[in-house]
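Okay, structure first, notes after.
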Amino acid sequence: MHSAIKRTLEVVERRNHSEPVFLQAVHEVLETLGPVVEEHPEIADLNLLERLCEPERQIIFRVVWKDDAGNVQVNRGFRTEFNSVLGPYKGGLRFHPTVNMGVIKFLGFEQIFKNSLTGLNIGGGKGGADFDPKGKSDDEVMRFCQAFMSELFRHIGHRRDVPAGDIGVGAREIGYLFGQYKKLTNSYELGVITGKGVSWGGSQGRTEATGFGAVYFAEEIMQAAGDSLEGKSCVISGSGNVALYALRKLNDLGATVVACSDSSGAIFDPKGIDFSALRLIKEVERERIEKYCEIHPSASFRPKAKVWDIPCDAAFPCATQNELEVDDARKLVQNGCKLVCEGANMPCTPEAIKVFHQAKIPFGPGKAANAGGVAVSALEMQQNAGLEHWPFDRVDEELRRIMRGIHTSCLHYADKYQASGNYVAGANIGGFLRVAEAMMCHGLI
Ligand code: GLU
Numbered sequence: 001m002h003s004a005i006k007r008t009l010e011v012v013e014r015r016n017h018s019e020p021v022f023l024q025a026v027h028e029v030l031e032t033l034g035p036v037v038e039e040h041p042e043i044a045d046l047n048l049l050e051r052l053c054e055p056e057r058q059i060i061f062r063v064v065w066k067d068d069a070g071n072v073q074v075n076r077g078f079r080t081e082f083n084s085v086l087g088p089y090k091g092g093l094r095f096h097p098t099v100n101m102g103v104i105k106f107l108g109f110e111q112i113f114k115n116s117l118t119g120l121n122i123g124g125g126k127g128g129a130d131f132d133p134k135g136k137s138d139d140e141v142m143r144f145c146q147a148f149m150s151e152l153f154r155h156i157g158h159r160r161d162v163p164a165g166d167i168g169v170g171a172r173e174i175g176y177l178f179g180q181y182k183k184l185t186n187s188y189e190l191g192v193i194t195g196k197g198v199s200w201g202g203s204q205g206r207t208e209a210t211g212f213g214a215v216y217f218a219e220e221i222m223q224a225a226g227d228s229l230e231g232k233s234c235v236i237s238g239s240g241n242v243a244l245y246a247l248r249k250l251n252d253l254g255a256t257v258v259a260c261s262d263s264s265g266a267i268f269d270p271k272g273i274d275f276s277a278l279r280l281i282k283e284v285e286r287e288r289i290e291k292y293c294e295i296h297p298s299a300s301f302r303p304k305a306k307v308w309d310i311p312c313d314a315a316f317p318c319a320t321q322n323e324l325e326v327d328d329a330r331k332l333v334q335n336g337c338k339l340v341c342e343g344a345n346m347p348c349t350p351e352a353i354k355v356f357h358q359a360k361i362p363f364g365p366g367k368a369a370n371a372g373g374v375a376v377s378a379l380e381m382q383q384n385a386g387l388e389h390w391p392f393d394r395v396d397e398e399l400r401r402i403m404r405g406i407h408t409s410c411l412h413y414a415d416k417y418q419a420s421g422n423y424v425a426g427a428n429i430g431g432f433l434r435v436a437e438a439m440m441c442h443g444l445i
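Anchor point for the sequence shown: position 443 equals 443 in my numbering, and the numbering is continuous, going up by one each time.
Set out below in structure tokens:
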């Protein structure tokens with residue numbers, strides 16, 4: 001390992017010893033940068049790696065709100081403004097009980113490279129709260145969002161920091177957050193947040209973008225291997241926004257998705273899962289996935305099960321970090337899986353990725369494969385700035401072009417730095433080089 005990488009990892013580990021997922025994300029990136037650091041001694045001279053691993057700013061705040069029973073509740077809110085060298089901080093908000101500073105830092109760190117790979121002018125940031133939206137009434141969610149924004153508003157702005165959704169934050173929450181921002185600032189600053197409703201400044205295609213983008217990326221991988229997704233049997237973990245729209249695009253491309261999941265278990269349907277029915281249950285009714293089986297007799301529910309032991313040609317982890325472990329990876333390989341493409345952020349553990357690489361199964365890492373969401377967020381910002389509304393087809397065409405470009409970059413940089421076909425190395429190096437170059441141009445700040 002290059003001495004500059006080794007030294008940086010030691011410092012980062014000492015400084016962030018209580019944040020394992022953040023350390024995992026840093027290791028995964030830095031360990032692939034050896035040949036680049038070798039070629040460019042100025043990276044070490046300018047201590048660029050250590051600078052990159054330290055967020056520019058971190059905000060932690062108290063969020064106080066009242067539940068429907070009249071109890072006063074306290075949550076913790078976060079925003080990591082990680083790197084603004086390519087543009088305003090950009091990244092979603094996650095509302096989930098597991099959220100802490102380490103989780104937000106891992107997501108913010110990933111976001112720097114992901115956003116860089118899109119080729120657009122967006123920096124890296126992430127935020128959220130340890131609030132659990134599950135089981136909360138609509139009024140409670142609204143009051144929480146208002147309380148959360150009552151602090152966050154002073155840190156964000158369309159040229160400063162632009163939040164969006166992530167796990168637990170969808171169109172409903174974005175609406176409440178924007179409404180409170182507008183009230184507090186007395187200004188209609190559309191570009192301050194993305195993922196807005198299409199009728200009031202959102203972009204066509206943003207809802208679909210992350211899932212569609214992940215499937216476009218998978219299709220590029222298949223094409224590079226002389227194959228396609230048509231006729232393939234697929235499994236998807238999760239049934240949130242990313243999973244749902246990956247399912248829809250896979251169906252469009254002639255693939256069959258035989259399994260999906262949520263935190264209660266998995267559904268298996270050899271006939272293929274019906275997008276509209278699942279969307280209604282998860283997005284509209286906000287019900288458990290088991291309900292799908294009540295109206296689809298060919299489907300069965302597996303309580304507490306994962307989807308990885310179901311034989312498939314392609315696997316799409318679209319739920320959450322570290323959900324696909326080494327034994328799951330071995331099962332997929334044994335069952336003849338030909339492709340793994342991450343729709344979520346860091347859903348495969350490093351040991352699982354090693355299994356895929358050893359088995360020579362193409363593996364699309366999240367920071368490349370799921371960049372479609374944030375890319376269309378940037379297109380939303382562009383439309384807002386120009387007071388424009390693009391039709392769905394135009395956004396979808398741009399998304400396709402961006403995903404194709406990311407795929408080409410990954411292969412190019414993997415090839416150039418002695419890691420042919422390794423999308424992890426290619427994504428890390430491609431994302432890093434653009435950020436590093438800009439950091440050098442901006443001086444020691
Ligand atoms: N949360 C999404 C991500 O992980 C989207 C962020 C955004 O649209 O800004 O990339």
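Idealized CB from N, CA, C, for every residue including glycine.
Applying the criterion that 16 or more other CB atoms from any shown protein chain within 10 Å of the CB defines a buried residue, is residue i buried or exposed?
i, result
"Q204", "buried"
"W200", "exposed"
"Y292", "buried"
"K367", "buried"
"H17", "exposed"
"K306", "buried"
"G373", "buried"
"T98", "exposed"
"L30", "buried"
"H407", "buried"
"A385", "exposed"
"N345", "buried"
"N186", "exposed"
"A69", "exposed"
"L244", "buried"
"D45", "exposed"
"N71", "exposed"
"P365", "buried"
"P163", "buried"
"P362", "buried"
"L152", "buried"
"P88", "buried"
"K331", "buried"
"F392", "exposed"
"L190", "buried"
"R143", "buried"
"M403", "buried"
Excluding sequence positions up to five away, which residues of its chain have a Cβ less than 8 Å from the Cβ of residue i?
i, result
"E230", "L253, G254, A255"
"E285", "K291"
"I193", "I156, V162, P163, A164, I174, L177, F178, Y181"
"A359", "V333"
"Q418", "P35"
Identify, in the order they occur along the chain, each residue of the same chain with its Cβ nearer than 6 Å to the Cβ of residue i, setting aside the five sequence neighbours on each side.
i, result
"N370", "T210, A214, G343"
"G431", "F113, S116, L117"
"P303", "G265"
"A246", "G211, A214, V215, I236, F316, C318, G343"
"V11", "E50"
"Q180", "Q146, M149"
"D132", "P97"
"M381", "G191"
"N100", "none"
What does DSSP give as the partner residue(s) for residue i in the beta ladder?
i, result
"V63", "N75"
"K196", "None, per the DSSP bridge assignment."
"N83", "G124"
"C348", "L324"
"R57", "E81"
"F356", "Paired residues: none, contrary to the question."
"C341", "G364"
For residue i, which residues in the same chain have their Cβ closer than 7 Å to its Cβ, ignoring the five residues on either side in sequence?
i, result
"S239", "C260, S261, D262, L278, K282, I289"
"Q383", "S203, H389, W390"
"I104", "F78, T80, K126, G127, G128"
"V376", "S203, G205, R206, A209, V395, L399"
"A299", "I267, F268, D269, Y292, C293"
"V355", "V326, A329, R330, V333"
"W65", "Q73, R143, F144, A147"
Comparing the CB of residue i with every heavy atom of ligand 2, is any distance shorter than 8 Å?
i, result
"A371", "Because ligand 2 does not appear in the structure shown, any question about it cannot be addressed here, the ligands present being ligand 1."
Checklist line | Uninterrupted alpha helix (DSSP H) stretches inside the stretch 372-413 (no shorter than 4 residues) | finding: Here the runs fully enclosed are 372-385.
Margin query: Report the start-end ranges of each alpha helix (DSSP H) in the stretch 14-40 that is 4 residues or longer and not cut off at the edges.
Written below: Here the runs fully enclosed are 20-30, 34-39.
Notebook entry, point to check: Hey, which unbroken runs of the beta strand (DSSP E) at 3 residues or more fall wholly within the stretch 241-324?
Noted result: If we require 3 residues or more, the beta strand (DSSP E) runs fully inside the stretch 241-324 come out as 256-262, 265-268, 300-303, 314-317.
Item checked: Start-end ranges of the alpha helix (DSSP H) lying completely within the stretch 90-171, minimum 4 residues -> Correct list: 101-117, 138-152.
Next item on the list: Only counting runs of 4 or more residues, tell me where the alpha helix (DSSP H) segments fall wholly within the stretch 197-239, in order along the chain.
Entry: Taking only runs of at least 4 residues, the alpha helix (DSSP H) segments lying wholly in the stretch 197-239 are 206-224.
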